[in-house]
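Here the sequence shown is numbered in the numbering used here, starting from 16 and rising by one per residue.
Heads up, the beta-carbon is just placed ideally off N, CA and C, and yes, glycines get one too.
To start, the structure under review is shown below, and the notes come after it.
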Amino acid sequence: FGEGGTVRLDVGVGEVEDGMYGVTSPPAVVGDVVVVGSSMGDNRRVDMERGVVRGYGARSGALLWAWDPIPRSPDDPAFAEWSP
């Protein structure tokens, strides 16, 4: 699973300051997918790391999908409801 039994969860979430990104709850295993949420230090800067929910292959550790609950594209109708 992953590399030596470990999957780096901070890859692809933006610049991460030491101690400001982590996991506070156990993952959920759904079929062959390990679903992992995240925790981040909030309100430090506009371009902070993102709190993305991701699904990993339970056997391979490979990233299968990622979902950002905050709309980032101006084309998304919900974008106007969020401030940076």
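So the candidates are W97, S40 and V44; which of them puts its Cα closest to the Cα of G72? By 1-based counting over the sequence shown, the position of residue 72 is 57. Out of W97, S40 and V44, V44 has the C-alpha closest to the C-alpha of G72.
I'd like the list of long-range same chain contacts for W82, defined as Cβ closer than 7 Å, with 5 residues on each side in sequence excluded. Numbered from its first residue, the sequence shown carries residue 82 at position 67. Closer than 7 Å at Cβ, skipping near neighbours: V67 and V68.
Between R26 and V49, what straight-line distance do the alpha-carbon atoms span, to the nearest angstrom? Locating residue 26 in the sequence shown gives position 11, where the first residue counts as 1. Locating residue 49 in the sequence shown gives position 34, where the first residue counts as 1. Per the sequence shown, residue 26 should be read as Val rather than Arg. V26 and V49: Cα-Cα distance of roughly 16 Å.
Span of the beta strand (DSSP E) around A93: The residue you call residue 93 lines up with position 78 of the sequence shown. Per DSSP, A93 belongs to no beta strand (DSSP E) and is neither H nor E.
In the DSSP output, what is L112 paired with across the bridge? Residue 112 is absent from the model: the chain starts at 16 and stops at 99.
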